[in-house]
Each structure stands twice: as structure tokens, then as C-alpha cells.
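Numbering (full-length UniProt numbering), first residue to last: 1 to 217.
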Amino acid sequence: MTTAPRKTLLLTYLDVPGVAESTRLALRVANIAFEDVRVSYDDVGAMRDAGKLPFGQVPILEFVDENGVTTSGPFGQSGATLRYAGMLGGLYPLEPDVMLDVEQVLGGLKDIAVALNPLWYSNVLPRLPTNGSLLPETSINAPQRDAVQTAVNAVILPTRLAHLERVAQAAKESATARGETGPYLVGSRLSVADLELFVVLNGRSPSNLRRWRNNGY
Ligand SMILES: N[C@@H](CCC(=O)N[C@@H](CS)C(=O)NCC(=O)O)C(=O)O
1 MTTAPRKTLL
11 LTYLDVPGVA
21 ESTRLALRVA
31 NIAFEDVRVS
41 YDDVGAMRDA
51 GKLPFGQVPI
61 LEFVDENGVT
71 TSGPFGQSGA
81 TLRYAGMLGG
91 LYPLEPDVML
101 DVEQVLGGLK
111 DIAVALNPLW
121 YSNVLPRLPT
131 NGSLLPETSI
141 NAPQRDAVQT
151 AVNAVILPTR
161 LAHLERVAQA
171 AKESATARGE
181 TGPYLVGSRL
191 SVADLELFVV
201 LNGRSPSNLR
211 RWRNNGY
């Protein structure tokens with residue numbers, strides 16, 4: 001008799017509440033068993049050199065059998081892992097109109113994350129997917145960093161957050177019209193958009209950015 005390979009879901013990412021944090025939360029909230037594998041930058045480098053990372057970076061999601069052999073994946077890109085976890089766990093609405101509300105919030109949060117990148121890396125570019133380094137030629141100096149921070153605080157965050165508030169209000173009204181009332185973006189159902197909102201607004205606050213940077217991230 002043959003038995004199907006046992007499948008353990010592995011999510012591999014750095015030990016920070018970064019781009020894979022909402023996927024971790026989605027899997028936990030939905031009670032989906034997974035191994036929360038936390039790796040160092042050196043580990044990422046070794047995995048990249050071994051050809052293990054489809055996009056040269058983490059997070060990756062994969063299924064492994066009882067011998068630790070990958071049976072499905074690895075799959076990269078945090079947006080993909082979040083949607084996958086959301087669909088598995090019932091945190092990703094499949095009705096097109098509700099999905100649009102969730103997706104536009106995810107997109108708005110991505111805009112915020114992109115604007116924060118130069119502060120995170122003190123560089124115009126994020127880490128290179130070839131070797132994880134930051135290009136010295138594209139680094140920003142302290143006055144440029146301050147200018148980015150001022151623009152982020154004075155313009156980007158207030159405007160983007162006002163956009164999100166308006167969108168959330170409209171989503172709430174749509175949910176109410178569907179007869180779904182509740183504290184979440186799309187009414188009574190927690191979705192991946194709520195989780196990503198929490199992570200971006202809580203985890204990537206300027207004070208957390210400073211703390212992570214001081215810890216070498
Ligand atoms: N677009 C990718 C970006 C992934 C990414 O930037 N990963 C970073 C951590 S947040 C990484 O692997 N850094 C280590 C390295 O590049 O060596 C995603 O969302 O998954």
C-alpha cells in the first residue's frame with residue numbers, strides 16, 4: 001500500500017515582523033498547522049546560493065515530507081503567501097466585490113511600505129536579489145534620509161492613511177448593505193487586509209524601524 005507523502009507546511013523568513021508577518025498571522029489565526037522557520041541573513045545567503053529561493057529572497061512557502069524533502073514549492077513573494085494562507089484559512093473573500101475591497105487595501109498598504117523602504121535600508125534600492133547586499137552607490141546620506149522621513153511623515157502617511165480611511169468607510173457601508181456588520185474591514189469577517197493593516201501600521205512604525213535597524217536589520 002502506498003501512502004501519500006506527509007505534507008508539512010513550512011514558512012521560512014527572517015526573525016522579524018516584516019513582509020511575511022501577515023502570512024504567519026493568517027496561518028495562526030486560521031489554525032493551520034505550519035512550521036514557522038526563522039532564519040538569519042547568512043541562512044538566506046546560503047539558500048540563495050543553493051538555488052532554493054525562487055526570487056533570491058525570503059519568505060518562501062513549501063511543503064516537505066517526513067524526510068524534510070520538498071514535495072511542493074518552494075514558492076516566493078509575500079503577497080502570494082498571504083493570499084494562499086488567506087484562501088486556505090477562509091480569510092480571503094472570494095466574492096468579487098468583497099475581494100476588491102480587500103485587494104485595494106492591500107494595494108494601499110503596499111504603497112506605504114514602498115515609501116518606507118528608503119528609510120528601512122538608508123538606500124534608494126532594497127537589498128539586491130543577487131547577494132542581499134545594499135549598493136553603496138545608491139545609499140542615501142543623513143540629510144537625504146531626513147528629507148525622506150519628513151516627506152513620509154508630512155505627506156505620504158497622512159494622505160495614504162486618509163485614503164485608507166475613506167476606502168475602509170466605503171467597505172463598511174458595502175458590508176452593512178450586505179447585512180454584515182462587524183469590526184473588520186469587510187464587516188463581520190476577518191480578512192488578510194485586516195492582518196496586513198495591523199502589521200504595516202504597528203510593525204513598521206518609525207520607532208520599530210529604528211529598533212530593528214539598531215538590531216542589525
Ligand atoms: N517582493 C518580495 C521581497 C522579499 C524581500 O525583500 N525579502 C528580504 C527580507 S524583507 C530578504 O530576503 N532579505 C535578505 C536578503 O536579500 O538577503 C516579497 O514581498 O516577498
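Backbone N, C-alpha and C fix where the C-beta goes; we use that ideal spot for every residue, glycine too.
{"Check": "Tell me which residue opens and which closes the beta strand (DSSP E) that Val29 is part of.", "Outcome": "First-last for Val29: Glu21 to Val29, but that is the alpha helix (DSSP H), not the beta strand (DSSP E)."}
{"Check": "Cβ of Leu164 within 8 Å of Cβ of Gly108?", "Outcome": "yes"}
{"Check": "Got a sec: does ligand 1 put a non-hydrogen atom nearer than 7 Å to the Cβ of Leu125?", "Outcome": "no"}
{"Check": "Using only the heavy atoms of ligand 1, determine whether one of them is closer than 7 Å to the beta carbon of Leu14.", "Outcome": "yes"}
{"Check": "In this structure, does DSSP put Leu53 in helix, strand or coil?", "Outcome": "coil"}
{"Check": "At what residues does the alpha helix (DSSP H) containing Phe198 begin and finish?", "Outcome": "Val192 to Phe198"}
{"Check": "With DSSP collapsed to three states, give me the class of Val98.", "Outcome": "helix"}
{"Check": "Check this for me: beta carbons of Val58 and Thr8, under 8 Å apart or not?", "Outcome": "no"}
{"Check": "Whether or not the segment 41-49 and the segment 103-119 are in contact is what I'm after, with contact meaning three or more pairs of Cβ atoms, one per stretch, closer than 8 Å; do they touch?", "Outcome": "no"}
{"Check": "Measure the CB-CB distance between Arg127 and Leu119 and report whether it falls below 8 Å.", "Outcome": "no"}
{"Check": "For Leu16, does the three-state DSSP call read helix, strand or coil?", "Outcome": "The question names Leu, but residue 16 is Val in the sequence shown. If DSSP states are grouped into helix, strand and coil, Val16 belongs with coil."}
{"Check": "Look up Arg38 in the DSSP assignment and say whether it is helix, strand or coil.", "Outcome": "strand"}
{"Check": "Mind listing, in chain order, the continuous alpha helix (DSSP H) runs of no fewer than 4 residues lying wholly within the segment 116-170?", "Outcome": "142-151"}
{"Check": "Pick from Gly73, Ile156, Gly51 and Ala85: whose alpha carbon is nearest that of Val192?", "Outcome": "Ala85"}
{"Check": "Going by the C-beta, is Tyr41 closer than 7 Å to any heavy atom of ligand 1?", "Outcome": "yes"}
{"Check": "Got a sec: does ligand 1 put a non-hydrogen atom nearer than 7 Å to the Cβ of Phe75?", "Outcome": "no"}
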